[in-house]
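A quick write-up on the structure given underneath.
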Amino acid sequence: MAETGPLHDRHDSPGAAVRTRAVLSESCNHGYTRIVVSEPDTGTWVLLCYRLPREPSTPRITVWRKLKRLGVAQLADGLVTLPADARTREQLEWIAEEIIEAGGEASTWLAHPTSADQERTLATRMADTRAGEYAAVTAEAATAAAGSDRERQRTGERLRAELRRIGRRDYFPPPQRDAAQAAVRALLEADPDEESTAEAAGQVQP
Amino acid sequence: MRWATRSGVHIDRAACAWLIRRFIDPQAQFVFVADPARTPGDATGFDMRGVDLSHHTGPDGAVDCSFETILRRHDLADPVLWRIAEIVHEADVDDERYDAPEAPGLDVILRGMSMTCDDQRIIELTGPIFDGLYEYHRRAMLLGREPA
Numbered sequence: 397m398a399e400t401g402p403l404h405d406r407h408d409s410p411g412a413a414v415r416t417r418a419v420l421s422e423s424c425n426h427g428y429t430r431i432v433v434s435e436p437d438t439g440t441w442v443l444l445c446y447r448l449p450r451e452p453s454t455p456r457i458t459v460w461r462k463l464k465r466l467g468v469a470q471l472a473d474g475l476v477t478l479p480a481d482a483r484t485r486e487q488l489e490w491i492a493e494e495i496i497e498a499g500g501e502a503s504t505w506l507a508h509p510t511s512a513d514q515e516r517t518l519a520t521r522m523a524d525t526r527a528g529e530y531a532a533v534t535a536e537a538a539t540a541a542a543g544s545d546r547e548r549q550r551t552g553e554r555l556r557a558e559l560r561r562i563g564r565r566d567y568f569p570p571p572q573r574d575a576a577q578a579a580v581r582a583l584l585e586a587d588p589d590e591e592s593t594a595e596a597a598g599q600v601q602p
Numbered sequence: 012m013r014w015a016t017r018s019g020v021h022i023d024r025a026a027c028a029w030l031i032r033r034f035i036d037p038q039a040q041f042v043f044v045a046d047p048a049r050t051p052g053d054a055t056g057f058d059m060r061g062v063d064l065s066h067h068t069g070p071d072g073a074v075d076c077s078f079e080t081i082l083r084r085h086d087l088a089d090p091v092l093w094r095i096a097e098i099v100h101e102a103d104v105d106d107e108r109y110d111a112p113e114a115p116g117l118d119v120i121l122r123g124m125s126m127t128c129d130d131q132r133i134i135e136l137t138g139p140i141f142d143g144l145y146e147y148h149r150r151a152m153l154l155g156r157e158p159a
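Next comes the structure, spelled out in structure tokens:
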């Protein structure tokens, strides 16, 4: 734990970052230059850099599934990223821990893309992936719309849960989101008779 | 006894603090650190990297959140606590291992509180919430159905 010395603090509070920088520029700069320190006008991203043995394959698959679920953008083999906030940072830190427990190597980083262009490319790529997921929901809803009331209700509920899952990893909502939400809402707007029957059957009040 | 965890408390840490104070150490005092390396020497760390009372992967590849780990390490077999563990797990890890419809709501409440309260205050305020959750599920288990 000793290696997570004062430098580590830079990420936790702006005050500490300024202090650390002041110390660095006054004494030894440890290879940092003022140019490196100047902040680009882009957001902060959290990066997970990892390596896991090929075998056994189970931990690799588990980790990949978790990363997919979080909606990470892959930058390179074993390098993924998410826009940084308290939740995304924590999630990637836990996955890093898991990778280490599974015998792999992992580290997490906070970084800024050095140009707004790079950031836009990354955000667009992530939005495109989400757009595909939303489009799949819209298509499924369209298919179910032709079915029976019961089928519409059941598919509607399943797709609503799916939308919630997609929403949780949607950091740059694409226009396709609205269409998907509308399609699922339409499926669930069953005729009022059925809804009141379901309510009467489901709620047993003393 | 002193207990330390990361600052910026969310569901797992809030639930652990409640669990510790209710079932393990009534006199527990909590310290919040930005960096696990700054944990005071006399404090037991939980829910942070590099300590035992934290997330762990089981032999079946499933991950336990810190709340579940504390239950295991302290041999707390109370089924009501394990029901709460399912809720905390889903609110924290969100891997659909358990069916816990309370989880998304609790997650949002805690995320919102992290915007309006400091860590000590969150621990204070969430204590009665977990007390209520415990009582609700205790009665539900005794009755075999939803209470009141």
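From first to last, the protein sequence lines are chains A and B. Be aware that the first sequence starts at 397, since it is given in the numbering used here, and climbs by one per residue. Be aware that the second sequence starts at 12, since it is given in the numbering used here, and climbs by one per residue. Glycine included, C-beta positions come from ideal geometry on N, C-alpha and C.
- Query: Are there 16 or more other CB atoms within 10 angstroms of the CB of A:Ser527, so buried, or fewer, so exposed?
  - Reply: The sequence position of residue 527 of chain A within the first sequence is 131, counting from 1. Ser is not the amino acid found at residue 527 of chain A; the sequence shown has Ala there. A residue is called buried when at least 16 other Cβ atoms come within 10 angstroms of its Cβ; A:Ala527 meets this threshold and is buried.
- Item | B:Leu82 versus B:Asp71, B:Gly72 and B:Asp63, residue with shortest Cα-Cα distance | Walking along the second sequence from the start, residue 82 of chain B turns up at place 71. B:Leu82 has its Cα closest to that of B:Asp63, out of B:Asp71, B:Gly72 and B:Asp63.
- Compare the beta carbon distance of A:Leu559 and A:Ala540 with 9 Å and say whether it is the shorter of the two. In the first sequence, the residue the question calls residue 559 of chain A occupies position 163. In the first sequence, the residue the question calls residue 540 of chain A occupies position 144. No, the Cβ-Cβ distance between A:Leu559 and A:Ala540 is not below 9 Å.
- Query: If you count every other CB in all the chains shown that lies within 10 Å of the CB of A:Glu489, and 16 or more means buried, which is it?
  - Reply: Translated into the one-based positions of the first sequence, residue 489 of chain A becomes position 93. Buried, because 16 or more other Cβ atoms sit within 10 Å of the Cβ of A:Glu489.
- How should B:Leu30 be labelled, buried or exposed, when 16 other C-beta atoms within 10 angstroms of its C-beta is the threshold for buried? Sequence index remark: in the second sequence, residue 30 of chain B carries index 19 (1-based). The residue is buried, with at least 16 neighbouring Cβ atoms inside 10 Å.
- List the residues of chain A whose Cβ lies closer than 8 Å to the Cβ of B:Gly19, in chain order. Taking the second sequence and counting its residues from 1, the one referred to as residue 19 of chain B is at position 8. Residues of chain A passing the Cβ test: Ala482.
- Query: Counting contacts by CB-CB distance shorter than 9 Å, is B:Gly72 in contact with chain A?
  - Reply: The residue given as residue 72 of chain B occupies position 61 in the second sequence. It does: the Cβ of B:Gly72 has a partner Cβ on chain A nearer than 9 Å.
- Query: Can a CB atom of chain A be found closer than 9 Å to the CB of B:Val119?
  - Reply: The residue labelled residue 119 of chain B in the question sits at position 108 within the second sequence. Chain A, which has no Cβ nearer than 9 Å to the Cβ of B:Val119, makes this no.
- Query: By how many angstroms is the C-alpha of A:Ile491 removed from the C-alpha of A:Arg483?
  - Reply: Locating residue 483 of chain A in the first sequence gives position 87, where the first residue counts as 1. Locating residue 491 of chain A in the first sequence gives position 95, where the first residue counts as 1. Computed Cα separation, rounded: 12 Å.
- Spatial distance of B:Phe141 from B:Ile35 (CA atoms): As a first step, residue 141 of chain B must be located in the second sequence, where it is residue number 130. As a first step, residue 35 of chain B must be located in the second sequence, where it is residue number 24. Cα-Cα distance, rounded: 15 Å.
- Item | Coil, strand or helix - B:Gly116 by DSSP | Counting from 1 along the second sequence, the entry for residue 116 of chain B is found at position 105. Helix at B:Gly116.
- Task: Please check the pair B:Leu136 and B:Met152, which I expect to be a contact at CB under 8 Å, by giving their CB distance rounded to whole angstroms.
- Result: The residue given as residue 136 of chain B occupies position 125 in the second sequence. The residue given as residue 152 of chain B occupies position 141 in the second sequence. With 8 Å as the limit, B:Leu136 and B:Met152 do not qualify as a contact, their Cβ atoms being about 26 Å apart.
- Message: Residues in the same chain with beta-carbon distance under 6 Å from A:Ile562, minus the five sequence neighbours each way, listed in chain order, please.
- Response: Position 166 of the first sequence, counted from the first residue, corresponds to residue 562 of chain A. Glu529, listed in sequence order.
- Item | Cβ contact (3+ pairs, closer than 8 Å) linking the region 85-97 of chain B and the region 33-51 of chain B | yes
- Query: In whole angstroms, what is the alpha-carbon distance linking A:Thr454 and B:Gln38?
  - Reply: Taking the first residue of the first sequence as 1, we reach residue 454 of chain A at position 58. Taking the first residue of the second sequence as 1, we reach residue 38 of chain B at position 27. So the two alpha carbons sit approximately 42 Å from each other.
- Could you tell me whether the Cβ atoms of B:Phe41 and B:Arg13 are closer together than 9 Å? Here residue 41 of chain B refers to the residue found at position 30 of the second sequence. Here residue 13 of chain B refers to the residue found at position 2 of the second sequence. For B:Phe41 and B:Arg13, yes; Cβs fall inside 9 Å.
- Task: Check the Cβ of A:Ala603 against every Cβ in chain B and list those closer than 8 Å, keeping chain order.
- Result: Since the first residue of chain A shown is 397 and the last is 602, residue 603 of chain A is not available in this structure.
- Would you say A:Trp460 faces chain B, with C-beta separation under 9 Å as the test? Taking the first residue of the first sequence as position 1, residue 460 of chain A is located at position 64. It does not; no Cβ of chain B falls within 9 Å.
- Rounded to a whole number of angstroms, what is the C-alpha to C-alpha distance between A:Ala512 and A:Asp481? The residue labelled residue 512 of chain A in the question sits at position 116 within the first sequence. The residue labelled residue 481 of chain A in the question sits at position 85 within the first sequence. For A:Ala512 and A:Asp481, the distance between alpha carbons rounds to 19 Å.
- Measuring CA to CA, which of A:Arg450, A:Trp441 and A:Arg581 is closest to A:Gly500? For the purposes of this step, residue 500 of chain A is identified with residue 104 of the first sequence, where counting begins at 1. Cα-wise, what sits closest to A:Gly500 is A:Arg450.
- Residues sharing a beta bridge with A:Glu497, DSSP: As a position in the first sequence, residue 497 of chain A is number 101, starting the count at 1. DSSP lists no partner for A:Glu497.
- Query: Shortest alpha-carbon distance to A:Ala578 belongs to which of A:Arg565, A:Ala557, A:Ala537 and A:Gln549?
  - Reply: Here the question's residue 578 of chain A lines up with position 182 in the first sequence. Per the Cα distances, A:Ala537.
- Task: Let me know the secondary structure DSSP gives A:Lys576 once reduced to three states.
- Result: Reading the first sequence from its first residue, position 180 is the one you call residue 576 of chain A. The sequence as given places Ala at residue 576 of chain A; Lys does not occur at that position. DSSP places A:Ala576 in helix when its eight states are reduced to three.
- Range covered by the alpha helix (DSSP H) that runs through B:Phe141: Counting from 1 along the second sequence, the entry for residue 141 of chain B is found at position 130. From DSSP, the alpha helix (DSSP H) with B:Phe141 extends over Asp130 to Leu154.
- Where A:Ser503 sits in the DSSP three-state scheme: Here the question's residue 503 of chain A lines up with position 107 in the first sequence. Taken through DSSP and simplified to helix, strand or coil, A:Ser503 comes out as strand.
- Task: Tell me, to the nearest whole angstrom, how far the beta carbon of B:Ala54 is from that of B:Ala15; I am working on the premise that it is less than 8 Å.
- Result: Taking the second sequence and counting its residues from 1, one reaches residue 54 of chain B at position 43. Taking the second sequence and counting its residues from 1, one reaches residue 15 of chain B at position 4. About 4 Å separates the two Cβ atoms, so the contact holds.
- Message: So, for A:Ala476: in the same chain, excluding its five sequence neighbours on each side, which residues have a beta-carbon less than 6 Å away from its beta-carbon?
- Response: For the purposes of this step, residue 476 of chain A is taken as residue 80 along the first sequence, with counting starting at 1. Here the sequence assigns Val to residue 476 of chain A, which means Ala is not the residue at that position. Only Leu444, Leu463, Val468 and Gln470 meet the Cβ criterion.
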